[in-house]
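Notes to accompany the following structure.
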Amino acid sequence: GKHRTGVPEGTPIVTPQDLPSRPRRNRRSESFRASVREVNVSPANFILPIFIHEESNQNVPIASMPGINRLAYGKNVIDYVAEARSYGVNQVVVFPKTPDHLKTQTAEEAFNKNGLSQRTIRLLKDSFPDLEVYTDVALDPYNSDGHDGIVSDAGVILNDETIEYLCRQAVSQAEAGADVVSPSDMMDGRVGAIRRALDREGFTNVSIMSYTAKYASAYYGPFRDALASAPKPGQAHRRIPPNKKTYQMDPANYREAIREAKADEAEGADIMMVKPGMPYLDVVRLLRETSPLPVAVYHVSGEYAMLKAAAERGWLNEKDAVLEAMTCFRRAGADLILTYYGIEASKWLAGEK
Ligand code: PBG
38 GKHRTGVPEG
48 TPIVTPQDLP
58 SRPRRNRRSE
68 SFRASVREVN
78 VSPANFILPI
88 FIHEESNQNV
98 PIASMPGINR
108 LAYGKNVIDY
118 VAEARSYGVN
128 QVVVFPKTPD
138 HLKTQTAEEA
148 FNKNGLSQRT
158 IRLLKDSFPD
168 LEVYTDVALD
178 PYNSDGHDGI
188 VSDAGVILND
198 ETIEYLCRQA
208 VSQAEAGADV
218 VSPSDMMDGR
228 VGAIRRALDR
238 EGFTNVSIMS
248 YTAKYASAYY
258 GPFRDALASA
268 PKPGQAHRRI
278 PPNKKTYQMD
288 PANYREAIRE
298 AKADEAEGAD
308 IMMVKPGMPY
318 LDVVRLLRET
328 SPLPVAVYHV
338 SGEYAMLKAA
348 AERGWLNEKD
358 AVLEAMTCFR
368 RAGADLILTY
378 YGIEASKWLA
388 GEK
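Sequential numbering from 38 applies to the sequence shown in the UniProt record's numbering.
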């Protein structure tokens, strides 16, 4: 209206600016803002990563990820997933911590029918038949060298030999009841090989979520703490690369993500993922526009750690910062969000403190 009620004393009286467009009109109230909001976040978008161990029957806190535990195999896993489901999060991705004595250079534990991973999948599907169970396909949690693939004595990560083992791993996860297998290893050609292996064994309904654009990032540190899975350089007579730069993508590269996306689509991926999340929103938007496949984004352990650290110091409003991050993933074009904040963010979305 024309009223100047409430305008502070001394404010100049001016002729209204001749503005045909005043975007602020559409921001005037929460009701109006909610009605014109372009994207929304829901617990249905979340995939919750869970760390599992069986070194004791107690959960073990992860120092660099406050609030996140390695869950003790059994009841503690069930309780955590039941809590997630009560808030509408019905998708989880399973990460087992392998005891050192089961790790080998060729990571056979990855396809042990009775391995911790396979037992966890069975436990989850027996307890919650309609839960969507995702798995990670890569050798690093089982490999004594701490790499996603098999390392030769000369320090080369062997592509095709690794693929053979990734196929066995994916099939053993499917046999255990996995709904979606997620190759995070970045070997060339693994998506197509895994698709053929699954189909050959009759698992035509098991999906593949490919880590399509997975970067060699510094933000995976806390995850490697959680699983004790970091590369282990400096072994006698063997040259173990100290990083994953010969298979994960260079953070400087954008066009290369198109190349990876085209390959994954042609090889039969069902969902494409970008990882990490917040520093890579341009790549999320790129995949959204390059392909009709659903796009997932991984809000990784280091991103979680940064938010927690700032929140603990009172430097950020955690709830607002986290929900903003989730909204921005959706705005950039992500359908699915893998996040350690899955339960907390869902509580906030439900209006809890
Ligand atoms: C294993 C894997 C990693 C993550 C997911 N799967 C670690 C890595 O590639 O070194 C990282 C997840 C996170 O940081 O939250 N291949």
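Virtual Cβ for every residue (Gly too), placed ideally from N, Cα, C.
Keeping to the same chain, check which residues put their C-beta closer than 7 angstroms to that of residue i; ignore five residues upstream and five downstream.
i: Leu195; result: Gly186, Ile187 and Ser189
i: Pro98; result: Asn106
i: Ser93; result: Ala109
Please tell me whether residue i and residue j are closer than 9 angstroms, where the distance is taken between their beta carbons.
i: Leu330; j: Ala348; result: no
i: Pro172; j: Ile158; result: A small correction: the amino acid at residue 172 is Thr; Pro does not occupy that position in the sequence shown. Cβ atoms of Thr172 and Ile158: closer than 9 angstroms.
i: Tyr291; j: Asp319; result: yes
i: Ile84; j: Phe132; result: no
i: Lys269; j: Met223; result: no
i: Ala387; j: Gly125; result: yes
i: Ala333; j: Asp372; result: yes
i: Leu160; j: Ile105; result: no
i: Tyr179; j: Ala147; result: yes
i: Leu375; j: Val78; result: no
i: Tyr256; j: Pro313; result: yes
i: Val217; j: Ile308; result: yes
Comparing the CB of residue i with every heavy atom of the ligand PBG, is any distance shorter than 8 angstroms?
i: Arg292; result: no
i: Val321; result: no
i: Pro259; result: yes
i: Ala369; result: no
i: Ser66; result: no
i: Ser247; result: no
i: Gln142; result: no
i: Val337; result: yes
i: Tyr317; result: no
i: Tyr171; result: no
i: Ser266; result: yes
Give me, in chain order, the residues of the same chain whose beta-carbon lies closer than 8 angstroms to that of residue i; leave out the 5 immediate sequence neighbours on both sides.
i: Ser219; result: Val130, Tyr171, Thr172, Asp173, Val174, Ile245, Met246, Ser247, Tyr248 and Met310
i: Gly38; result: Here the model assigns Gly38 a pLDDT of 45, short of 50, so the residue's position is not dependable, and the following value carries that caveat. Result list for Gly38: empty, nothing under 8 angstroms.
i: Ile295; result: Leu323 and Thr327
Tell me whether residue i sits in a helix, a strand or coil according to DSSP, three-state version.
i: Ser244; result: strand
i: Asn180; result: strand
i: Asn196; result: helix
i: Phe83; result: strand
i: Glu381; result: helix
i: Lys345; result: helix
i: Ser219; result: strand
i: Val73; result: helix
i: residue 395; result: No information on residue 395 is available, as it lies outside the stretch 38 to 390 that the chain covers here.
i: Pro136; result: coil
i: Val97; result: strand
If I measure Cβ to Cβ from residue i and keep anything under 6 angstroms in the same chain, skipping five residues before and after, which residues do I get?
i: Gly258; result: Gly339
i: Ala234; result: Cys204 and Val208
i: Asn354; result: none
Please confirm whether residue i has its beta-carbon closer than 9 angstroms to some beta-carbon of chain D.
i: Ile105; result: Here there is only one protein chain, and chain D is not present.
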